[in-house]
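Inspection log for the structure reproduced underneath, given as structure tokens.
Protein chains: 2
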Amino acid sequence: MSEPYDPAAFPPLAVTVDLVLMTVQGGRLSVLLQRRSEEPHKGKWALPGGFVGVTESLDEAAHRILADKARMTGGWLEQLYSFGDPNRDPRMRVVTIAYFALVPVESLAPALAGHDDLMLAPFDALPDLAFDHPAIVNHAATRLRGKLDYAPVALALLSPLFTLRALQDVHEAILGTKLNKPAFRRRMLDRGWIEGTGVREEGGAFRPAELFRAKP
Amino acid sequence: MSEPYDPAAFPPLAVTVDLVLMTVQGGRLSVLLQRRSEEPHKGKWALPGGFVGVTESLDEAAHRILADKARMTGGWLEQLYSFGDPNRDPRMRVVTIAYFALVPVESLAPALAGHDDLMLAPFDALPDLAFDHPAIVNHAATRLRGKLDYAPVALALLSPLFTLRALQDVHEAILGTKLNKPAFRRRMLDRGWIEGTGVREEGGAFRPAELFRAKP
DNA sequence: ACTAGATATATGTCAAGTGCATATAAATAT
DNA sequence: ATATTTATATGCACTTGACATATATCTAGT
Chain A
1 MSEPYDPAAF
11 PPLAVTVDLV
21 LMTVQGGRLS
31 VLLQRRSEEP
41 HKGKWALPGG
51 FVGVTESLDE
61 AAHRILADKA
71 RMTGGWLEQL
81 YSFGDPNRDP
91 RMRVVTIAYF
101 ALVPVESLAP
111 ALAGHDDLML
121 APFDALPDLA
131 FDHPAIVNHA
141 ATRLRGKLDY
151 APVALALLSP
161 LFTLRALQDV
171 HEAILGTKLN
181 KPAFRRRMLD
191 RGWIEGTGVR
201 EEGGAFRPAE
211 LFRAKP
Chain B
1001 MSEPYDPAAF
1011 PPLAVTVDLV
1021 LMTVQGGRLS
1031 VLLQRRSEEP
1041 HKGKWALPGG
1051 FVGVTESLDE
1061 AAHRILADKA
1071 RMTGGWLEQL
1081 YSFGDPNRDP
1091 RMRVVTIAYF
1101 ALVPVESLAP
1111 ALAGHDDLML
1121 APFDALPDLA
1131 FDHPAIVNHA
1141 ATRLRGKLDY
1151 APVALALLSP
1161 LFTLRALQDV
1171 HEAILGTKLN
1181 KPAFRRRMLD
1191 RGWIEGTGVR
1201 EEGGAFRPAE
1211 LFRAKP
């Protein structure tokens, strides 16, 4: 910031936070959408979001919006990217800070139940989205795929105890490809993100797998 | 954005773009700083930046500020991260979108000459910075180091024709470590980012190296 | 009980990538 | 010419991951 603040030349802008809340449901990477009840784009699906309060940090605003949609246990939240095209909202100039969130699908159940203005849309069948939300959603998917290999993001999509098979299913859903089982297994164990519990899953029709958990 | 816009509950905020303009000078990774001429933090060093105009996208604002400081030939500009702590500016609420820029040091010479409110500060000897600019600068350095291996960012710090030795010097300056020469050479050629010109550098006291250029 | 079937887990081998040491090539200075 | 210095090339060990295959462990069915 070099020049002094001149409100006439540089009027303040509306600032929002939009949330790309992703989860894996039925083997497909999906994103939470909310039907718009107001113009513009009334009736279209859009990312959940909200304006940033004056006394609130960006992270706090993102947490607030996330907490409204999901029980935030074992999830992941990080800033994604900021979008500020002058025409992205026809009403007025809005700059949005997009956030990237991951939660196990069970954490979304309470919010989804009985709210028909909310839905989980799979990435391979997204509806027509409002504003520039298609670009935001694509940005999030790309980031997720890119981080999969060097950050324990996939763990945020699983419940606290999980099998290696379940972890692999999550990776395959995100990448859209099949992975080699022994190689995946060794890679995950080498990363040092997870630890075995010694306990096996129960109820399966075949040999039960060991349950793992995220390392603290 | 879910709720309707209520200016009383969510007044607009000032939005700025701050630029972390980095280069390698004398074998050291450095950042362009500007001395503040106004309160707050008057006299302190800070990142160059400015308010975002109403009709201007974030990228356009970043380009405008960059063009003011450097001849933008062969450089790199990308959005870094947004900072919006409510108290980051004591005057008022300011959200800043930080950008990450790389240019060869020669592109900065015109701006630096005769402007004693501008300086290139090496990362290993940064002065006391205004606002939350220390955090922004650290974020940029981390991103730069992280991208070095999988994106051709180092090329943006060199003139169009360069030797592999010069490219290695840039990498070493950024990472702060010495690298193995044959391994570095092979790695760079495998990446497919550069191509030989068949022409050799001239004037050196010893065997002249081949000049390379970035692939289109 | 035993066997078949299915899945979890372990191992062996190969190719690619990287660090390190060393060898060869090409220029200048004396 | 020869020494010196740097560029470029090559050989070798080590690590990592893909893939194939082997072994272990459970249930279901006879």
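Going down the list, the sequences are from chains A and B.
Heads up: the first sequence begins at 1 in the working numbering, then just goes up one per residue.
Heads up: the second sequence begins at 1001 in the working numbering, then just goes up one per residue.
C-beta atoms are modelled at their ideal positions from N, C-alpha and C, and glycine is treated no differently.
The alpha helix (DSSP H) enclosing residue i, as first and last residue numbers
| i | result |
| --- | --- |
| residue 1188 (chain B) | 1181 to 1191 |
| residue 110 (chain A) | 109 to 112 |
Within chain B, partners of residue i - CB distance below 8 angstroms
| i | result |
| --- | --- |
| residue 163 (chain A) | Residues of chain B passing the Cβ test: none, with the nearest at roughly 31 angstroms. |
Where residue i meets chain A, residues with beta-carbon distance less than 7 angstroms
| i | result |
| --- | --- |
| residue 1081 (chain B) | 79 |
DSSP-derived helix/strand/coil call for residue i
| i | result |
| --- | --- |
| residue 57 (chain A) | coil |
| residue 1275 (chain B) | There is simply no residue 1275 (chain B) to check, as chain B begins at 1001 and stops at 1216 in what is shown. |
| residue 1131 (chain B) | coil |
| residue 1039 (chain B) | coil |
| residue 201 (chain A) | coil |
| residue 138 (chain A) | helix |
| residue 1149 (chain B) | coil |
| residue 1091 (chain B) | coil |
| residue 175 (chain A) | helix |
| residue 1062 (chain B) | helix |
| residue 1070 (chain B) | coil |
| residue 1157 (chain B) | helix |
| residue 1144 (chain B) | helix |
| residue 2 (chain A) | The predicted model places residue 2 (chain A) with a pLDDT of 45, which falls under 50 and marks its position as unreliable; any figure quoted below should be read in that light. DSSP places residue 2 (chain A) in coil when its eight states are reduced to three. |
| residue 167 (chain A) | helix |
| residue 106 (chain A) | helix |
| residue 1126 (chain B) | coil |
Per DSSP, the bridge partner or partners of residue i
| i | result |
| --- | --- |
| residue 1097 (chain B) | B:1017 and B:1082 |
| residue 1212 (chain B) | B:1162 and B:1196 |
| residue 25 (chain A) | A:28 |
| residue 1119 (chain B) | B:1033 |
| residue 1046 (chain B) | B:1034 |
| residue 1077 (chain B) | B:1101 |
Chain A contact for residue i (CB, 8 angstroms cutoff)
| i | result |
| --- | --- |
| residue 1093 (chain B) | yes |
| residue 1141 (chain B) | no |
| residue 1001 (chain B) | Any reading at residue 1001 (chain B) must be qualified, since the residue scores a pLDDT of 47, below 50, and its modelled position is unreliable; no value is offered. |
| residue 1057 (chain B) | yes |
| residue 1020 (chain B) | no |
| residue 1198 (chain B) | no |
| residue 1216 (chain B) | no |
Per-residue contacts from residue i into chain A (C-beta, under 9 angstroms)
| i | result |
| --- | --- |
| residue 1097 (chain B) | 82, 84, 95 and 97 |
CB contact below 8 angstroms: residue i versus chain B
| i | result |
| --- | --- |
| residue 205 (chain A) | no |
Residue i: first and last residue of the uninterrupted beta strand (DSSP E) it sits in
| i | result |
| --- | --- |
| residue 49 (chain A) | 49 to 51 |
Listed by chain order, chain B residues near residue i by CB distance under 9 angstroms
| i | result |
| --- | --- |
| residue 10 (chain A) | 1014, 1015, 1016, 1050, 1051, 1052, 1053 and 1054 |
Residue i: CB within 7 angstroms of a non-hydrogen atom of the ligand NAP
| i | result |
| --- | --- |
| residue 1013 (chain B) | This structure lacks the ligand NAP, and indeed carries no ligand of any kind. |
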